[in-house]
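Residues -18 to -1, 1 to 161 in mature numbering (1 follows the signal peptide of the UniProt record, and there is no 0) are what the sequence shown spells out, letter by letter.
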Amino acid sequence: MKFISSLLFLFGGLTASAAVIEKRATSSFHLYAYGTGIGGLPIYYSDGNAFVGNKIPSGSTVNTNITFAPSSSSEWIITPTTANVTLTNSKSSALFINPSSKALTNVGFTASDSSTVATRGFLAFGNWAMWKSPDTSQISSSFYATPVSDGIWQLKWNADEMDDGSSVGVAIRKMAPSS
């Protein structure tokens, strides 16, 4: 009897833990980058690309803080938090990465998947941002930040985790830094 009770307990625990893993966020959220020299800085929109910091890149024309909202197709749709801002892409914009590139590539925002970028497969593992490959079901978080100028980094995806000598690996989280 003890053996059967243990099996039932184990099976129940596995079922409960699987439900937690599959649960998706349904409300909007902000994203923050954490890494060497980057202590929880916000991710924002600048001319169709994702940047990290509290300053805007020189020469950019459309800049705004954003919120992310998960869609039923595993896209993270962005909404500007600044009034009267028109995003470069007039349709709803989703976060994208280039998961197949052999180099550091820009993370940005676009209206649809293409042969070179992926907008689907984003998920939150607790407060951590991850991407799940539709081909292999492998979950990864290969985000890097490349310095642009003092206090500004461009968010990149580094599928092969190559070292370019200046970029730093960053964890992307839904949790704001403690003040």
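Using N, Cα and C, we set each Cβ at its ideal position, and we do this for glycine too.
Alpha carbon of residue i to alpha carbon of residue j, nearest angstrom
i           : j      : result
SER55       : VAL34  : 26 Å
ILE20       : ASN80  : 23 Å
ALA15       : ILE25  : 7 Å
SER157      : PHE11  : Going by the sequence as given, residue 157 is Met instead of Ser. Taking the straight line from one Cα to the other gives about 9 Å.
ALA100      : PHE78  : 5 Å
ALA32       : VAL89  : 6 Å
THR18       : THR70  : 31 Å
ARG155      : GLY108 : 9 Å
ALA51       : ALA93  : 14 Å
SER160      : THR63  : 21 Å
ASP132      : LYS84  : 27 Å
SER96       : ALA141 : 17 Å
residue 162 : LEU105 : As shown, the chain starts at -18 and ends at 161. That puts residue 162 outside it, with no answer to give.
DSSP-derived helix/strand/coil call for residue i
i           : result
ILE48       : strand
GLN136      : strand
PRO159      : coil
PRO81       : coil
ILE154      : strand
ALA76       : strand
MET112      : strand
LEU69       : coil
VAL34       : strand
SER40       : coil
GLY21       : strand
residue 250 : A query on residue 250 cannot be resolved here, the shown segment of the chain reaching from -18 to 161 and no further.
SER28       : strand
THR64       : coil
SER122      : strand
LEU(-12)    : Confidence in LEU(-12) is poor, its pLDDT being 38 and thus under 50, which makes the residue's placement too unreliable to answer from.
Cutoff 6 Å; reference residue i; Cβ partners in own chain excluding five residues on either side
i      : result
ILE121 : MET112, LYS114
ALA153 : TYR16
THR61  : THR49
ASN45  : SER28, ILE38
7 Å Cβ shell around residue i - same chain, five flanking residues per side excluded
i      : result
THR128 : LEU86, TRP135, GLN136, LYS138, SER148, SER149
GLY22  : TYR14, TYR16, ALA158, PRO159
Where the beta strand (DSSP E) through residue i begins and ends
i      : result
PRO129 : 125 to 131
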